[in-house]
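Asks: The sequence shown begins at 1 in the UniProt record's numbering and counts up by one. Positions of the beta carbon are idealized from the N, C-alpha and C atoms, including for glycine. Bear in mind the structure is a predicted one, so any value in this text is a computation, not a measurement. Questions regarding the structure given below will be posed in turn.
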Amino acid sequence: CQRPATFVFPFLVKREERTSLLLIDFRTVEIYLVSGTMCQRPQIKEADKVTIPVVPTVDNKKALAPTHSRERNTSYDLFIFMAPALMWWATPVIPIFVTGIARVICTHLMLTLHYIFVDKDNYYNKLSQKQLKREKDDYLVGTMLHMWAQVGLQIMFPSMFFCDPSHIKTAAMHAFICHVAIVEPLYYTVHRWLHLIPQMKKMHGFHHLSINTLPSTSLVQNFHEHFVYIATFGPAFFVPWLFTFKMHWTIVAAYLVLFDAINAWGHTNVRLRHPIWNHKYSPLRYLFYTPEFHLGHHAYFSANYGLFMPIWDHLLGTYREYKKPDIKLAPKNKQDFVFIGHNGGFGHFLTCPEFSVYNVYDKYRRTFLPLEAEFLIVHFFVSIARLFMKCYKCSRFLVNNEKVARIICTVRSPWDFGSPKSYNAMNKEIVELMKDQHKTCGTRLFGLGNLNKMKQLNDGGSVVAELVAKDEYLKDKNIRVWTGDTMTSASVYNQVLDIPNLTEIFYIGATGKIGAAVISKLLKSRPDLKIKIFSRHHAFKHSNISYTDDLSDIKKYKVVLVGKILSPRYYDKAFAGSGSCETRFILGYTVP
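Structural data, given as structure tokens:
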């Protein structure tokens, strides 16, 4: 919904990304961009208002040095992860895989817990798709490199990993002492060195591209920097072994898993403001860091270099107090809109942020199984889920920086949508979901997504609307049920009204549901508007409506509505041999 912008395109049909709609461009055309998600009349000028706080971002292309991989090929990651098994003949590989798998599980567990308990309802702290893609490519690289390093160390120094189990307790104590006495000050020194301009450009700048962090941002490093950290953290178990020749792989594994968890803790958005953490006389202020201590490092760059113990920054004058800004959020039960979605198969499970935040922008994935087999497996798991949950709630988000919305999915599988005997129960569940959300959050506005509004289930939502009208609790609550067609119809209708001096339009695809709704509204509000419909089927009988089966008539109209996809050859034929073109505004809402 913008002012007309002039684009010069060849004669073509151009499909924008999913959030936009089909735009048909005839030579030089001024286009109103139409969004199928708007349902209010667009405002050309709006008063200034408070929006989401702007966080400075980093230009990746400028910040990345040649040593960084902008588009790392991740196709071989599983092979790289499993490759240490090829060394089974030279050293035991089970300890290597136990360590690696435990670290991966720990990382994903931290991501899941952080999303559920910290970020899920924080509709301001949203990360860009670019950052998630970059971090996803690199956050497990360090774990795989450490597995390969362990292969080499086990071959060269087997006694570092396989001492008598009776010495494990003593070895663990020695590792802890060496971490505090050696690793902490060594890391502080190395970290300051990494912030010198040459190293920052070559290596450490890659980590600092993430201004807003996730727990796993702690693992996102430049490839060469991982080797620096192997040398920095290795003394925790190398030094005890060097002096006592007693160290065990379980200590190494536990150290690395705990290290990952505590390192991830420092990249969370948890705020600890109790004096026990922050009072100047509290030992914890100096001996164990809070997330805001390390987030201060990401904010200031030249402060708070310490690993897990801030004492070195306090002693060496690099400590700076930092408090992550408190953003006033709406109450947790604030929901102006609820979009009722559903599961679409196995691929949807993989994109749930509880499974992995990094997958939320991924394309729908298929397995090697037939689609029917996938749906049957999903139906099995969904049936189990129905025993202990009524719905699945996604994170809240903002609409227009004002209204709080949420997607809530019914616990149904694609298999259910192909089973007519389930339809009555499914419609009742949708109404029950509306009732629950109104009782807990006062929500009145609901949207039905995809299969939840299919004709066989509820005739495009009509059955749901009837059930709402009959429900003793909901019938007088002014509940509104919308679908994507409703929103698109409202958007197109309001934008047509805002075109100045409009007296006639040419309409392609007017006989569909959206077209019928738009025309009905236009005829009531603009009785002087003439509508020419490209169709052989005369669906409407009205003095202001005429029909044509000759697409070349489009050249006579300045405003064209496109609600149906036509092959480019139709337009080639319609404009063949034509000179000037009267068409100046095109409103397209087609979705392939």
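For ASN450 versus ASN427, is the C-beta spacing smaller than 8 Å?
Replies: Here residue 450 corresponds to residue number 450 of the sequence shown, with the count starting at 1. Here residue 427 corresponds to residue number 427 of the sequence shown, with the count starting at 1. Contact flag unset, no.
Asks: Can you find at least 3 beta carbon pairs, one from the segment 431 to 447 and one from the segment 334 to 342, that sit closer than 8 Å?
Replies: yes
Asks: To the nearest angstrom, how far is it from the Cα of PHE388 to the Cα of ALA425?
Replies: Reading the sequence shown from its first residue, position 388 is the one you call residue 388. Reading the sequence shown from its first residue, position 425 is the one you call residue 425. Approximately 17 Å, taken between the alpha carbons.
Asks: Per DSSP, what kind of secondary structure is LEU398 in: helix, strand or coil?
Replies: Translated into positions along the sequence shown, residue 398 becomes position 398. Strand, per DSSP.
Asks: As an exercise, report each continuous alpha helix (DSSP H) stretch of at least 4 residues that is fully enclosed by the segment 243 to 313, in chain order.
Replies: Segments of the alpha helix (DSSP H) lying fully in the segment 243 to 313: 249 to 265, 275 to 278, 284 to 287, 291 to 300.
Asks: Taking 8 Å as the limit between beta carbons, can you name the residues of its chain near MET309, skipping five residues before and five after?
Replies: Here residue 309 is taken as the residue at index 309 of the sequence shown, counted from 1. These residues qualify, in order along the chain: VAL180, GLU184, TYR286, LEU287, PHE288, TYR289.
Asks: Go ahead and pull the three-state DSSP assignment for GLU429.
Replies: The residue labelled residue 429 in the question sits at position 429 within the sequence shown. In the structure shown, GLU429 falls within a helical segment according to DSSP collapsed to helix, strand and coil.
Asks: On the CB-based measure, 16 or more other CB atoms within 10 Å of its CB, does LYS96 come out buried or exposed?
Replies: Locating residue 96 in the sequence shown gives position 96, where the first residue counts as 1. With the sequence shown as reference, residue 96 is identified as Ile, and Lys is not the correct amino acid for it. Classified as buried, ILE96 has 16 or more neighbouring CB atoms from the shown chains inside 10 Å of its CB.
Asks: Can you name the start and end residues of the alpha helix (DSSP H) that VAL560 belongs to?
Replies: Start at 1 with the first residue of the sequence shown, and residue 560 comes out as number 560. Element bounds for VAL560: not the alpha helix (DSSP H) but the beta strand (DSSP E), 559 to 562.
Asks: Out of TYR115, THR232, GLU472, PRO325, point me to the one whose CA is closest to VAL357's CA.
Replies: The residue you call residue 357 lines up with position 357 of the sequence shown. Answer by Cα proximity: TYR115.
Asks: My parser needs the alpha helix (DSSP H) runs of 4 or more residues fully inside the segment 368 to 412; what are they?
Replies: 371 to 385
Asks: Using CA coordinates, which residue listed in LYS532, TYR547, LYS280 is at the minimum distance from HIS538?
Replies: By 1-based counting over the sequence shown, the position of residue 538 is 538. Among LYS532, TYR547, LYS280, the Cα nearest to that of HIS538 belongs to TYR547.
Asks: Whole angstroms is fine: what's the gap from VAL518's alpha carbon to GLU432's?
Replies: Position 518 of the sequence shown, counting from 1, holds the residue named residue 518. Position 432 of the sequence shown, counting from 1, holds the residue named residue 432. Distance between the alpha carbons of VAL518 and GLU432: 31 Å.
Asks: Hey, how far is the Cα of THR213 from the Cα of ASP137?
Replies: For this step, residue 213 is matched to residue 213 along the sequence shown. For this step, residue 137 is matched to residue 137 along the sequence shown. Each residue's Cα considered, the two are about 15 Å apart.
Asks: Would you call the segment 353 to 373 in contact with the segment 452 to 470, where contact means no fewer than 3 C-beta pairs closer than 8 Å?
Replies: With a cut-off of 8 Å, the segment 452 to 470 and the segment 353 to 373 do not count as touching, because too few Cβ pairs lie within range.
Asks: What did DSSP end up calling THR488 once you bin it into helix, strand or coil?
Replies: Within the sequence shown, the letter at position 488 stands for residue 488. It is helical.
Asks: Does GLY461 come out as helix, strand or coil in the three-state DSSP assignment?
Replies: Taking the sequence shown and counting its residues from 1, one reaches residue 461 at position 461. In the structure shown, GLY461 sits in coil (DSSP, three-state: anything other than H, G, I, E or B).
Asks: Work out the CA separation of THR590 and ILE531 for me, nearest whole Å.
Replies: Counted from its first residue, the sequence shown places residue 531 at position 531. Counted from its first residue, the sequence shown places residue 590 at position 590. The alpha-carbon atoms of ILE531 and THR590 are separated by roughly 19 Å.
Asks: Between the beta-carbon of GLY301 and the beta-carbon of HIS195, is there less than 8 Å?
Replies: Here residue 301 is taken as the residue at index 301 of the sequence shown, counted from 1. Here residue 195 is taken as the residue at index 195 of the sequence shown, counted from 1. First, the residue type needs correcting, since residue 301 is Phe and not Gly in the sequence shown. In contact: PHE301 and HIS195 (Cβ atoms closer than 8 Å).
Asks: Reducing DSSP to helix, strand and coil, say where LEU445 ends up.
Replies: Along the sequence shown, read from residue 1 onward, the residue named residue 445 stands at position 445. Here LEU445 sits in strand by DSSP.
Asks: Excluding the five sequence neighbours on either side, which residues of its own chain have a C-beta within less than 7 Å of the C-beta of PHE349, listed in chain order?
Replies: If you number the sequence shown from 1, residue 349 lands on position 349. Closer than 7 Å at Cβ, skipping near neighbours: PHE355.
Asks: Under a Cβ-count criterion, where at least 16 other Cβ atoms within 10 Å of its own Cβ denotes burial, should GLU429 be classed as buried or exposed?
Replies: Here the question's residue 429 lines up with position 429 in the sequence shown. GLU429 sits buried, since 16 or more C-beta atoms from the chains shown fall within 10 Å of its C-beta.
Asks: At what residues does the beta strand (DSSP E) containing GLY588 begin and finish?
Replies: Mapped onto the sequence shown, residue 588 falls at position 588. From DSSP, the beta strand (DSSP E) with GLY588 extends over 585 to 588.
Asks: Cutting at 7 Å between CB atoms, please list the residues of its own chain near SER520, excluding the five before and the five after it.
Replies: In the sequence shown, residue 520 corresponds to position 520, counting from 1. Same-chain partners within the cutoff: there are none.
Asks: Roughly how many whole angstroms lie between the Cα atoms of ILE211 and VAL220?
Replies: In the sequence shown, residue 211 corresponds to position 211, counting from 1. In the sequence shown, residue 220 corresponds to position 220, counting from 1. ILE211 and VAL220: Cα-Cα distance of roughly 13 Å.
Asks: Go ahead and pull the three-state DSSP assignment for TYR229.
Replies: On the sequence shown, residue 229 is found 229 positions in, with the first residue counted as 1. Note: TYR229 maps to helix in three-state DSSP.
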